[in-house]
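Below is one structure, written out as structure tokens; comments come after it.
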Amino acid sequence: EAGVTQFPSHSVIEKGQTVTLRCDPISGHDNLYWYRRVMGKEIKFLLHFVKESKQDESGMPNNRFLAERTGGTYSTLKVQPAELEDSGVYFCASSLKFREGYTFGSGTRLTVV
Amino acid sequence: AQSVTQPDIHITVSEGASLELRCNYSYGATPYLFWYVQSPGQGLQLLLKYFSGDTLVQGIKGFEAEFKRSQSSFNLRKPSVHWSDAAEYFCAVAPSAGNNRKLIWGLGTSLAVNP
Numbered sequence: 001e002a003g004v005t006q007f008p009s010h011s012v013i014e015k016g017q018t019v020t021l022r023c024d025p026i027s028g029h030d031n032l033y034w035y036r037r038v039m040g041k042e043i044k045f046l047l048h049f050v051k052e053s054k055q056d057e058s059g060m061p062n063n064r065f066l067a068e069r070t071g072g073t074y075s076t077l078k079v080q081p082a083e084l085e086d087s088g089v090y091f092c093a094s095s096l097k098f099r100e101g102y103t104f105g106s107g108t109r110l111t112v113v
Numbered sequence: 001a002q003s004v005t006q007p008d009i010h011i012t013v014s015e016g017a018s019l020e021l022r023c024n025y026s027y028g029a030t031p032y033l034f035w036y037v038q039s040p041g042q043g044l045q046l047l048l049k050y051f052s053g054d055t056l057v058q059g060i061k062g063f064e065a066e067f068k069r070s071q072s073s074f075n076l077r078k079p080s081v082h083w084s085d086a087a088e089y090f091c092a093v094a095p096s097a098g099n100n101r102k103l104i105w106g107l108g109t110s111l112a113v114n115p
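Just so you know, the sequences run in chain order A and B. Here the numbering used here is used: position 47 in the first sequence is 47, and no number is missing along the way. Here the numbering used here is used: position 97 in the second sequence is 97, and no number is missing along the way.
Structure (structure tokens):
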């Protein structure tokens, strides 16, 4: 089966611009998660979708971040406007059942200059 | 506060040597426990997980981990390291009750393998 796909793999944008990250989960996985790793820090949870609904968005840093999952399939994470501290690697993961563990994508490395 | 500590930021071992990566957690109740690995250019891959039962857990790629409740630890081990094991290793925990499914992560341990 195809894995979790994220694109772009890298993005370099200027402060104040908008960037949209996309995640295609494994087909049939209702659970979709976004995580972020800022350089030198631990990986942090951003949010969790169950199908198209946001189950938990407690980790979203602020209202410059908007996540959507239309139709319960792929998800997008938009950062608008981007700030320097948004730089990091954004990981997406999906799962059918939590006890089976997540499958992660390769991540999107975002650099804001 | 809930936290995961991986005391070793970087470890270097020789190929064929044994390996132990440490992980300690601070949590209200025994959580679910995970080890993930990230090889260069790859995503995070699940090595093994502990939910309940036998405290010695076998994973992929010849890794195992032992849960020790009294020490709040979940150390990862491998008897003989291969050059392909060079990667970054992450310990993570999640609550074992309720609907909260977010992982709390350690900082990671970067493993280098000398030939």
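All residues carry an ideal CB built from backbone N, CA and C; glycine is no exception.
Can you pull the chain A neighbours of residue i, defined as C-beta to C-beta under 8 Å?
{"i": "B:GLY106", "result": "GLU42"}
{"i": "B:PHE90", "result": "ILE43"}
Report the partner residues of residue i according to the DSSP bridge assignment.
{"i": "B:LYS68", "result": "B:SER73"}
{"i": "B:ARG22", "result": "DSSP, once it has assigned bridges, lists no residue as partnering B:ARG22."}
{"i": "B:TRP155", "result": "Summary: the structure shown does not reach residue 155 of chain B, with chain B confined to residues 1 through 115, and so no result is reported for it."}
{"i": "B:SER134", "result": "Residue 134 of chain B lies beyond the range of chain B shown here (1 to 115); nothing can be said about it."}
{"i": "A:ARG109", "result": "A:HIS10 and A:VAL89"}
{"i": "B:HIS82", "result": "DSSP, once it has assigned bridges, lists no residue as partnering B:HIS82."}
{"i": "A:THR5", "result": "A:ASP24"}
{"i": "B:GLN58", "result": "B:GLU64"}
{"i": "B:LEU111", "result": "B:ILE11 and B:ALA87"}
Is the separation between the beta-carbon of residue i and that of residue j shorter than 9 Å?
{"i": "A:LEU46", "j": "A:GLY59", "result": "yes"}
{"i": "A:GLN55", "j": "A:ASN31", "result": "yes"}
{"i": "B:PRO115", "j": "B:GLU15", "result": "yes"}
{"i": "A:ASP24", "j": "A:THR73", "result": "yes"}
{"i": "B:LEU44", "j": "A:ALA93", "result": "yes"}
{"i": "A:ILE129", "j": "A:VAL112", "result": "There is no way to answer for residue 129 of chain A, as the model of chain A reaches only from 1 to 113."}
{"i": "B:TYR50", "j": "B:PHE67", "result": "yes"}
{"i": "A:ARG64", "j": "A:GLN80", "result": "yes"}
{"i": "A:VAL19", "j": "A:LYS78", "result": "yes"}
{"i": "B:GLN2", "j": "B:TYR27", "result": "yes"}
{"i": "B:ALA87", "j": "B:ILE11", "result": "no"}
{"i": "A:TYR90", "j": "A:LEU110", "result": "yes"}
{"i": "A:SER75", "j": "A:ARG22", "result": "yes"}
{"i": "B:ILE9", "j": "B:SER73", "result": "no"}
Below 9 Å on C-beta distance, what does residue i contact in chain B?
{"i": "A:ASP30", "result": "Those do not exist, as A:ASP30 stays about 12 Å from chain B at its closest Cβ, beyond 9 Å."}
{"i": "A:ARG99", "result": "TYR32, LYS49 and PHE51"}
{"i": "A:ASP56", "result": "ASN99, ASN100, ARG101 and LYS102"}
{"i": "A:PHE91", "result": "GLY43 and LEU44"}
Find the residues of chain B that neighbour residue i, judging by a C-beta separation of less than 7 Å, and give them in chain order.
{"i": "A:GLY107", "result": "GLY43"}
{"i": "A:HIS48", "result": "ARG101 and LYS102"}
{"i": "A:PHE7", "result": "Per Cβ cutoff of 7 Å: no residues; A:PHE7 is ~13 Å from chain B at best."}
Does chain C have any CB closer than 9 Å to the CB of residue i?
{"i": "B:LYS49", "result": "Absent here is chain C; the protein component of the structure consists of chains A and B."}
Using a cut-off of 9 Å between C-beta atoms, extract the partners of residue i located in chain A.
{"i": "B:LEU56", "result": "What B:LEU56 touches in chain A: nothing, since even the nearest Cβ is about 18 Å away."}
Any heavy atom of the ligand NAP inside 8 Å of the beta-carbon of residue i?
{"i": "A:THR70", "result": "Of the ligands one can find in the structure shown there are none, so the ligand NAP has no counterpart to examine."}
Check your understanding: Taking the runs of the alpha helix (DSSP H) that are 4 residues or longer, which of them lie wholly in the stretch 13-97 of chain A?
Key -> Whole alpha helix (DSSP H) segments, 4+ residues: zero.
Review point. Counting pairs of Cβ atoms below 8 Å between the stretch 95-112 of chain B and the stretch 11-27 of chain B, do you hit three or more?
Key: The stretch 95-112 of chain B is in contact with the stretch 11-27 of chain B.
Check your understanding: Are the stretch 33-44 of chain B and the stretch 94-109 of chain A touching by the rule of at least three beta carbon pairs closer than 8 Å?
Key -> Yes, they touch.
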